[in-house]
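If you want my numbering, it's the 1-based position in the sequence shown plus 14. Written below as structure tokens is the structure these notes are about.
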Amino acid sequence: MNIKLYFAIDAVLKAVFIRTLGDTMEVLVSVGCLLLLGLAWVFGYLNERESPPDKEEHAENDRSGEVFPGDR
Numbered sequence: 015m016n017i018k019l020y021f022a023i024d025a026v027l028k029a030v031f032i033r034t035l036g037d038t039m040e041v042l043v044s045v046g047c048l049l050l051l052g053l054a055w056v057f058g059y060l061n062e063r064e065s066p067p068d069k070e071e072h073a074e075n076d077r078s079g080e081v082f083p084g085d086r
């Protein structure tokens, strides 16, 4: 997730919530945006880490006799 996108989301949420609920919401909105940014980074990292192996690795494993789910 791009840091510029974080600031854009943060600015929009602050504009909406601060005008409707007051200045005390600024801190809560900022913390919430940071938590969302952190969760997006963690899930992105885990998604990249658990990606399926390359096709070349599948070809080598097929020759060795190993069977993977979804290869049938």
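Cβ atoms here follow ideal geometry from the backbone N, Cα and C, with glycine treated the same way.
(request) Tell me whether valine 41 is buried or exposed, calling it buried when 16 or more other Cβ atoms sit within 10 Å of its Cβ. (result) exposed
(message) Given a cut-off of 9 Å on the beta-carbon distance, is the pair lysine 28 and serine 44 in contact?
(response) yes
(message) Rounded to the nearest angstrom, what separates glutamate 62 and glycine 46 at their Cα positions?
(response) 24 Å
(request) Under the assumption that leucine 51 contacts tyrosine 20 (Cβ atoms under 8 Å), give the Cβ distance between them as a whole number of angstroms. (result) 5 Å
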